[in-house]
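From first to last, the protein sequence lines stand for chains F and C.
Heads up: the first sequence begins at 156 in this note's numbering, then just goes up one per residue.
Heads up: the second sequence begins at 26 in this note's numbering, then just goes up one per residue.
Every residue, glycine too, gets a C-beta built ideally from N, C-alpha and C.
Since the model is a prediction, treat every value here as computed from it, not as a measurement.
For reference, the structure is listed below as structure tokens.
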Amino acid sequence: MSAAIGLPRMRWRPRLGRGMLIGALLVGFVAIVALAAPVLTPFDPLRSNVRLRLHAPDAAHWFGTDHLGRDVASRVMAGARLSMLIGLCTALATGLCGTAIGAAAGFVRALDNPLMRLMDALMAFPAILLAIAISATLGASVGNVIIALTVATTPHTARIVRASVLVIRELDYVEAARALGMREARVLVRHVLPNALGPLIVRLTYVFATAILAEAALSFIGVGPPPPAPTFGNIIAGGRDFMGEAPWVTLFPGLAVIVSVLGLNLLGDGLRDWLDPRMKS
Amino acid sequence: MLPFLVRRLASMVVILALVSLLSFAIIALVPGDPASAFADAGATPAQMERLRHELGLDRPLAEQMAEWYWRVLHGDLGQSILLRRSVTQAIVERLPVTLSLAALAWACAIAGGVLAGTAAAAWHTRWPDQAVMVTALLGLSIPEFWLGLMLILLFAVRWGWFPTGGFVPLDQDPLGWLRSVALPAGALAVTQMGFVARMTRATMLDVLRQDFMRTATAKGLGRRTVLLRHGLANALVPILTVAGIVAGALLGGTVVIEQVFSIPGVGRLVIGGILSRDYPVIQGGLLFVGTVYLVINLVVDILYAAADPRIRLG
């Protein structure tokens, strides 16, 4: 049996490695653009120039200009900065909340049922609808978008952490740590959580990707960071009414979303296969 | 089967009560006075007071909550502030619109995804596999609403094959309906198809490794029979779960895509409510969507248990 599966797997391995490499390159590229945006942008992403309204892409304006004459390429770069920031903060906040809730549910039996039923209830709402409702209710701003997305992505993350903790807390080395007289909290932090990190990191990579997609949708609907803030969703929404005459305003920020999300998804898939070879597809 | 059903229903009732509580509690997130959102619209203090009374904000929280639960149990989601009518009625009216759109997207996503995923598993590691996997990953990385805009740009604005938006009811004009939902359903299906294809492929690869697959080949069955009758048939139960997940995901997908294509469905109603701070619509809409999601999961679990005895006895 093992020989029969072993062969194709051996052939498959380098390709998966390549996927992860491409993912890392894409994410790295977007991250560099995001970090260097203030220096890189050829024009002020917020300055309008009425004489240059809806100008087609050329050597000066690579992605053209929008209906206010703002340079789309500069806005997309600044948008990468804001969208990556929102994605990263959401992933970190989700990691913290998901770990806290998942670990509490998996480690303290009395908390398991109430916490997980609450997570189930939160998961009954489509993540995007929940995020839209929370963001709109709190008031549109970068911080509130991060809060909304964190609430929407935490339940699934908590469930993943809990599942890992449930398995790990029964393992021999955890028993050994207890037998040595280690306190429960220390067992959790020193022995259980570090070993639950793998699936969590994979999940957070996907959360990062989801957050970028969701932020674009939120801004597009009008409950994200308010315009003229250059987020991917805001640029797309701004170009919507001029799509026939100036498709570039909508096209390029969308491609930027795809590049960022595709990179993160490839990275997540690669990490998953690397951390758990049994999951290798 | 009966003990399983009882257990499953009991847990659903608990979660439903929590979903209802969360839907109600969204109003508590509003900074300051929820009624003040309407003050900008030039409401007089007397009107604001009446609004507060209508929303029940002048009563203790416990009383508000008790009333909310009492009404919900009677199928009454309250009165919309802006539409000046019953939220339940407004949702029920728009339900066929969203349902017909989601059903089409669902069918396309499942059919296309299962087909692509099976092909990928059948030609594992060869070019059809790689083509499907790359396309699927790309599909998962495209924002649905942006894909919708691009489809409008190409097929509606440039070539004029489809309307740029709007909706024709199915029972009035089936062909017009198909034309009006083809693009939004397509945008929704592409993303979900990527997910279905990946899951189908993974499941099929697991099944193809089983001993009975080798037996089927060894006893001389043709490749197609082995793959479809023995392979896909055994992969169908996990794919059932995937079909349920897709149905749930489409609940969220239609919310945004209805906005792009100006389709007067439940999603547009709820987003409209959210943007205009029409709290009864937000609360009722959230509760409704959450309930539909739980019911979909319930149906999937029951079907799953019916197909696999290990689940209902476990």
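- When only Cα atoms are considered, C:Q104 and C:P28 end up about 39 Å apart.
- C:P209 and C:L126 do touch by the CB rule: their CB atoms are close to 6 Å apart, below 8 Å.
- Closest in C-alpha terms to F:A211, from the list F:L421, F:M398, F:D424, F:G418, comes F:M398.
- In this structure, the CA atom of C:F187 is about 22 Å from the CA atom of F:W403.
- Distance from C:V221 to C:A134 at the Cβ level is roughly 6 Å; contact confirmed, criterion being Cβ atoms closer than 8 Å.
- Looking at the backbone, the Cα of F:L417 and that of F:L355 are separated by about 19 Å.
- DSSP, read as helix, strand or coil, puts C:T189 in coil.
- C:L233 and C:A145 have their C-alpha atoms some 12 Å from each other.
- Cβ proximity to chain C below 8 Å picks out nothing from the segment 331–353 of chain F.
- Note that the C-beta distance between C:I299 and F:A288 is below 8 Å.
- A check of alpha carbon separations from C:I270 across F:G294, F:A259, F:A279 identifies F:A279 as the nearest.
- Within the segment 276–292 of chain C, the residues whose Cβ lies closer than 7 Å to any Cβ of chain F are, in chain order, L276, G277, V280, V281, Q284.
- Note: F:T220 is bridge-paired with F:D226 in the DSSP secondary-structure output.
- Residue F:P408 holds the alpha-carbon nearest to the alpha-carbon of F:E370 among F:V357, F:P349, F:P408, F:G394.
- For secondary structure counted as the alpha helix (DSSP H) over 4 or more consecutive residues, the segment 251–307 of chain F holds these complete runs in sequence order: 264–278, 282–293.
- Close to C:P56, with beta-carbon spacing below 8 Å, are these residues of chain F in chain order: L293, G294.
- In this structure, the alpha-carbon of F:G379 lies about 29 Å from that of F:L270.
- A contact is defined here as three or more CB-CB pairs under 8 Å, and the segment 34–43 of chain C meets this definition with respect to the segment 317–329 of chain C.
- Looking at the DSSP output, C:S111 bridges to C:Q104.
- The beta carbon of C:V215 sits no closer than 8 Å to any beta carbon of chain F.
- Taking 8 Å as the CB threshold, C:Y94 stays off the interface with chain F.
- C:M158 sits buried, since 16 or more C-beta atoms from the chains shown fall within 10 Å of its C-beta.
- Burial of F:P281 is indicated by the presence of at least 16 other C-beta atoms within 10 angstroms of its C-beta.
- Two segments are said to touch when three or more pairs of C-beta atoms, one from each, lie closer than 8 Å; by this definition the segment 46–53 of chain C does not touch the segment 216–226 of chain F.
- Near chain C, meaning a CB-to-CB distance below 9 Å, the residues of the segment 275–287 of chain F are D275, A276, L277, M278, A279, F280, P281, A282, I283, L284, L285, I287.
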